[in-house]
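Colleague: Take this structure first; my questions come after.
Numbering (my numbering), first residue to last: 11 to 155.
Here you go:
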C-alpha cells in the first residue's frame with residue numbers, strides 16, 4: 011500500500027514539475043499549447059509515462075510531440091534536480107487520446123438522446139393492447155352472496 015502511495019506522490023510531483031516547466035516555455039518553436047493530463051510511474055519508480063494533449067490542429071499535435079521528444083533529456087534533468095530522489099525516472103511522452111474519446115462519447119450520448127426522444131414520441135401515441143388496467147380485481151360481493 012505504501013508503494014502505491016509513493017508512486018502516486020511521485021507521479022503527481024513529476025506532473026507539477028513538467029507543467030511548470032512547460033508553462034515557462036521551451037526554446038523549441040514547434041511546441042504548441044501543451045497540457046500534461048496524467049503521469050504514471052512504474053512500480054520500481056524508474057519509468058514515468060507522461061500523457062499530454064495539444065490544443066490545435068493535427069500538424070500542431072505532431073510538431074509538439076516531436077518538440078517534447080527532443081526536449082526529453084532536458085526535462086528529465088530538471089525533474090531530477092527538483093525531485094531529490096536517488097534515481098530519476100526516464101520520461102516517455104504519450105499523446106493522450108482523451109479529446110478524441112470525449113468527442114466519441116459526446117456523439118454516442120447525442121445519439122442516445124435522439125433515440126430516447128423517438129421512443130418517447132412512440133410512447134405518447136401508444137395504446138393499450140388490452141384493457142387499460144390489466145390487473146384482476148377482487149369480486150364485489152352482492153347482498154345475496
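By construction, the Cβ of each residue, glycine as well, lies at the ideal position given by its N, Cα and C atoms.
From the DSSP output, which residues share a beta bridge with residue 65?
Modeller: Indexing the chain shown from 1 puts residue 65 at position 55. Residue 65 is bridged to 43.
Colleague: Considering only the alpha carbon of each residue, which of 55, 60, 41 and 142 lies closest to residue 66?
Modeller: Taking the first residue of the chain shown as position 1, residue 66 is located at position 56. Nearest C-alpha to residue 66: 41.
Colleague: Have a look at residue 62 and residue 117 and give me their C-alpha separation to the nearest angstrom.
Modeller: Residue 62 sits at position 52 when you count from the first residue of the chain shown. Residue 117 sits at position 107 when you count from the first residue of the chain shown. Going from the Cα of residue 62 to the Cα of residue 117 covers about 23 angstroms.
Colleague: Using a Cβ-Cβ cutoff of less than 6 angstroms, which residues in the same chain neighbour residue 3 once the five nearest sequence positions on both sides are dropped?
Modeller: Here the chain has residues from 11 to 155 only, and residue 3 is not among them.
Colleague: Mapping DSSP to helix, strand and coil, what is residue 59?
Modeller: The residue labelled residue 59 in the question sits at position 49 within the chain shown. Three-state DSSP puts residue 59 in a strand.
Colleague: Along the chain, where does the beta strand (DSSP E) containing residue 101 start, and where does it finish?
Modeller: In the chain shown, counting from the first residue as 1, residue 101 sits at position 91. First-last of the beta strand (DSSP E) with residue 101: 100-105.
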